[in-house]
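Participant: In the numbering used here, the protein residues as written are 29 to 354.
Once you've had a glance at the structure underneath, I'll fire off some questions.
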């Protein structure tokens with residue numbers, strides 16, 4: 029079920045797009061009427077011919093020949109208008125309405141069914157609402173500092189920074205070149221090593237490209253899905269459906285949720301369905317291979333470590349380092 033408020037927001041935005049397109053088109057007509065009066069005269073003649081035809085229709089006369097004649101005149105008139113526009117330095121389609129969506133002409137519907145543009149807008153607004161409490165805007169690639177990755181000796185420090193430099197570069201490239209066919213990512217390793225920072229940085233950049241991105245902890249999503257599934261949430265939301273269709277889904281703190289067979293079933297559904305649909309997912313977790321296998325079983329384990337790009341984060345908890353140096 030789609031949230032009525034979100035649906036109304038989306039329809040309102042589509043309607044606004046249509047109004048803007050028509051207002052811009054009216055401005056173009058006014059401009060051309062002033063600068064190229066020949067075009068205005070042609071349009072006036074066509075309008076008169078159409079009115080005459082309408083009167084003939086009302087009188088009940090046979091109009092087949094006149095219809096063909098009017099069609100031919102329209103075709104010739106359009107050719108003349110396009111030619112006049114290009115002669116005066118305008119594009120030949122300058123007087124055509126430029127809708128954002130040429131499929132539904134910014135109505136949001138095709139044959140009483142939601143157009144793809146309306147569905148995408150609903151998804152984007154829904155994602156924005158769900159991300160309101162996230163920290164997406166607090167992290168960026170520019171604020172990621174490799175100097176915090178230290179070991180017990182120069183050799184281990186160099187090793188950690190080399191590994192994390194490669195992970196950083198991969199994530200940066202991933203965000204820069206993101207598309208709906210981008211790969212899935214599994215970030216794992218001890219707490220405080222930058223998994224959240226880099227996944228938030230990716231989310232930030234992908235959102236700027238106009239994609240709808242969902243970011244939150246796995247626990248928060250699963251709690252909400254559970255409420256909706258068992259009727260404890262009467263808002264009409266369908267969080268699971270939104271997660272299954274988002275352009276990019278980022279599940280943070282994977283593995284911190286309570287152990288419930290319902291949660292495992294939902295997680296498998298999310299991972300498997302998004303894989304089948306070819307939609308990218310990023311998962312970050314403090315769990316390692318054996319812990320994931322034990323907690324979620326072979327079906328989830330095999331998908332995470334065979335289909336996802338696995339990245340092991342290394343080093344010492346950055347928060348502890350900052351606290352000591354602060």
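Heads up, the beta-carbon is just placed ideally off N, CA and C, and yes, glycines get one too.
(1) Report buried or exposed for residue 275, applying the criterion of at least 16 other Cβ atoms within 10 angstroms of its Cβ.
(2) Mark residue 316 as exposed unless 16 or more other C-beta atoms lie within 10 angstroms of its C-beta, in which case mark it buried.
(3) Write down every uninterrupted run of the alpha helix (DSSP H) in the segment 282-345 whose length is 4 residues or greater and which is fully enclosed by it, in chain order.
(4) Classify residue 141 as helix, strand or coil using the three-state DSSP reduction.
(5) Report all residues from its chain with a CB closer than 6 Å to the CB of residue 346; omit the five preceding and five following residues, and keep chain order.
(6) Can you check the segment 158-220 for any beta strand (DSSP E) of at least 3 residues that lies completely inside it and give the ranges in chain order?
(7) Find out if the Cβ-Cβ distance for the pair residue 136, residue 51 is shorter than 9 Å.
(8) Can you tell which of 210, 180, 280 and 194 has the C-alpha that lies nearest to the C-alpha of residue 225?
(9) When the Cα of residue 195 is compared with those of 350, 246 and 340, which residue comes out closest?
(10) Can you have a look at residue 240 and say buried or exposed, based on whether 16 or more other CB atoms are within 10 angstroms of its CB?
(11) Taking Cβ to Cβ, would you say residue 72 is nearer than 9 Å to residue 123?
(12) Can you tell me which of 259, 255, 251 and 230 puts its alpha carbon nearest to the alpha carbon of residue 243?
(13) From the DSSP output, which residues share a beta bridge with residue 244?
(14) Specify the secondary structure class of residue 38 as computed by DSSP and reduced to three states.
(15) Give the C-beta separation of residue 34 and residue 67 to the nearest angstrom, bearing in mind that I take them to be a contact with Cβ-Cβ under 8 Å.
(16) Excluding sequence positions up to five away, which residues of its chain have a Cβ less than 8 Å from the Cβ of residue 4?
Facilitator: Judging by the given coordinates:
(1) buried
(2) exposed
(3) 289-305, 317-324 and 326-334
(4) strand
(5) 176 and 220
(6) 213-216
(7) no
(8) 280
(9) 340
(10) buried
(11) no
(12) 230
(13) 279
(14) helix
(15) Between residue 67 and residue 34 the Cβ distance is about 43 Å, and since that is not below 8 Å, they are no contact.
(16) The structure shown does not extend to residue 4, since the chain is modelled only from 29 to 354, so the question has no answer here.
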